[in-house]
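To start, the structure under review is shown below, and the notes come after it.
Protein chains: 2
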Amino acid sequence: MKYAYDHPRPAVTVDLVVFTVRDGELRVLLVRRAMEPFQGRWALPGGFVRERESLEEAARRELEEETGLRDVYLEQLFTFGDPGRDPRTRVVTVSYYALVRSDERPLRASTDAAEAAWHAAARPPKLAFDHERILAYAVERLRAKLGYTTVGFQLLPRKFTLPELQRLYETILGAALDKRNFRRKLRSLKLLKEEPEMRSDGAHRPARLYSFRLRRILTLDGQIV
Amino acid sequence: MKYAYDHPRPAVTVDLVVFTVRDGELRVLLVRRAMEPFQGRWALPGGFVRERESLEEAARRELEEETGLRDVYLEQLFTFGDPGRDPRTRVVTVSYYALVRSDERPLRASTDAAEAAWHAAARPPKLAFDHERILAYAVERLRAKLGYTTVGFQLLPRKFTLPELQRLYETILGAALDKRNFRRKLRSLKLLKEEPEMRSDGAHRPARLYSFRLRRILTLDGQIV
DNA sequence: CCAAAAGTGTTTATGATACACCCATGT
DNA sequence: ACATGGGTGTATCATAAACACTTTTGG
């Protein structure tokens, strides 16, 4: 092995797949690129990793710059580094996905993204670089994770109703779930705390509000603890 | 977002956690470092990513250089990039884990690793850099993966007996499994092909040999197909 | 004939699935 | 009073877990 400074050095970036659920649809945050390459195309938010910050710090910093959000669920996804994925130079990107609650009003004016907007994750516009692949992989991983972890709760407000939670799962999984079985399953997991309030929402019976019980729930790679 | 060449560029390496199972023990391939930093310490094999190769190509190239092995099971694990993990300069390492069959005689003379040897994965010597963390994470992931994929088969020779397979699982999981349940489970999965031969191995009844049925079994991230 | 590991079935418990009606509210 | 979505229980099936004896070989 030679010394580190003998070797070509790729640029290293983090890219973020920021998910939320709104109007019964899984959405992803995209920014319109202000410059070449792919000027005018939508892309995943992201940016270069700075000298003295860790990869996760870089991801959190970028996320806050683009959305104003802190303390969101964030998990490393995959590292993409094929030569040629950026036409300018070799760029290795460490991708992360983030889950933000739909009541947290993201999308404040961001520092350098000209325009940022939520798009349906299932049918994104044409994206810059290999970002469609990254997005597709993130969706796949989120679905898988939903099955054996509680990441889903990260997408809802602190208090939520069971029908909301069920719709969230159905949205992400793209499949209908049986109401009774879904509720029994949740009851058996003992993860929910019943709140005293109800939520009235139209011409029908109000729904009970619940909150999620656990404090710290996920390790580095998403296992429940 | 600024242009790529405006930014500090970390060195990018791949590090390999190469597992095998020998004598009922999970083992990992380590190389002794020939130079500073951490000269003389054991470390995971790895090296710098070249200009025109993908990350996975780099990992396979390094693996072949260190062990002479090709066509092994290889999966991206995690990317570690804390500043200070290499005292020389910022190094971002994309870690992979590989599974090699115990009958494939790895460890031919390697190009630049002074010394390479198999060590018990459960109690490795003091390692260079943050390699103990990478190793621990790889072991954890391998265990988890064993539960819902067939990666385990990658560690055995083409023909193997059911007791061998069971011992493999018990070794990696660190727990005893019920013989009858284990065999029934495998039968129900229909993954094994009965071979005509038996293997005699001491003063007891010989065991039937089996081989694994599927050809390509795993996608990018380890799902069975 | 003995030691040693291979091989084999049944019962019980647990979790997953399928399925239909009553309840509380707003208009 | 009716339309709308919230809420509840039981029976069936599939999968997991627990458990003990017989078989084949080498020495």
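First to last, the protein sequences are chains G and B. Heads up: the first sequence begins at 251 in the numbering used here, then just goes up one per residue. Heads up: the second sequence begins at 251 in the numbering used here, then just goes up one per residue. Where is the CB? At the ideal position from N, CA and C, for every residue including glycine.
Listed along chain G is no residue with a C-beta nearer than 9 Å to that of Gly318 of chain B; the closest approach is about 18 Å. Per DSSP, the beta-bridge partners of Val271 of chain B are B:Leu276. Here Phe410 of chain B is actually not in contact with Leu349 of chain B; their C-beta atoms are around 14 Å apart, not less than 8 Å. At a cut-off of 8 Å between beta-carbon atoms, Asp265 of chain G makes no contact with chain B. In the DSSP assignment, Ser345 of chain B is bridged to B:Asp265 and B:Phe328. Taking a contact to require three or more Cβ pairs closer than 8 Å, the stretch 317-325 of chain G and the stretch 313-329 of chain B do not qualify as touching. The beta-carbon of Val278 of chain B is placed no less than 8 Å from the nearest beta-carbon of chain G.
At a cut-off of 8 Å between beta-carbon atoms, Asp332 of chain B makes contact with chain G.
Secondary structure at Lys443 of chain B: strand, using DSSP grouped into helix, strand and coil. Arg302 of chain B reaches chain G at Pro333, counting residues in chain order whose Cβ is nearer than 7 Å. Within the stretch 394-409 of chain G, not one residue has a Cβ closer than 7 Å to any Cβ of chain B. Considering only B:Pro374, B:Ile422 and B:Thr263, the residue with the shortest C-alpha distance to Glu390 of chain B is B:Ile422. In this structure, the beta-carbon distance from Val299 of chain B to Pro337 of chain G does not fall below 8 Å. A check of alpha carbon separations from Ser461 of chain B across B:Asp380, B:Gly334, B:Ala371 and B:Gly402 identifies B:Gly402 as the nearest. Here DSSP, grouped into helix, strand and coil, assigns Glu303 of chain G to coil. Under the three-state reduction of DSSP, His454 of chain G is assigned to coil, being neither helix nor strand. Between the alpha carbons of Leu441 of chain B and Arg463 of chain B lies a distance of about 5 Å.
Assignment of Glu365 of chain B by DSSP, reduced to helix, strand and coil, places it in the strand class. With a threshold of 16 other beta carbon atoms within 10 Å, Pro295 of chain B meets it and is buried. At a cut-off of 8 Å between beta-carbon atoms, Thr270 of chain B makes no contact with chain G. If the five residues before and after Thr339 of chain G are omitted, its C-beta is found closer than 8 Å to the C-beta atoms of Pro260 and Ala261, all from its own chain and listed in chain order.
For Leu305 of chain B, the chain G residues whose Cβ falls inside 9 Å of its Cβ are Thr329, Phe330, Gly331, Asp332 and Val342, in order along the chain. According to DSSP, residue pairing for Val322 of chain G in a beta bridge does not occur. Close CB contacts of Glu314 of chain G within its chain, under the 8 Å cut and outside five residues either way in sequence, are with Arg320 (chain order). In chain order, Arg282 and Arg283 place their CB closer than 8 Å to the CB of Gly290 of chain G, counting only its own chain and leaving out the 5 sequence neighbours on each side. Annotated as proximal: Gln416 of chain B and Lys429 of chain B, with beta-carbon spacing under 8 Å.
Of the residues assessed, Asp265 of chain B falls on the buried side of the cut-off, its CB having 16 or more other CB atoms within 10 angstroms. Arg449 of chain G is bridged by DSSP to G:Ala457. The alpha carbon of Ala372 of chain B has as its nearest neighbour, out of B:Asn431, B:Ala378 and B:Arg383, the alpha carbon of B:Arg383. Note on Gly397 of chain B: under 16 other CB atoms within 10 angstroms of its CB, so exposed under the neighbour-count rule. With a threshold of 16 other beta carbon atoms within 10 Å, His381 of chain B meets it and is buried. Secondary structure of Leu377 of chain B (DSSP, three-state): strand. Within the same chain, Cβ atoms closer than 7 Å to the Cβ of Glu444 of chain B are found at Arg458 and Tyr460, the five residues on either side in sequence being excluded. Annotation: Met448 of chain B to Gly331 of chain B spans about 49 Å, alpha carbon to alpha carbon.
If you draw a 10 Å sphere on the C-beta of Glu414 of chain B, you find 16 or more other C-beta atoms in it, and that means buried.
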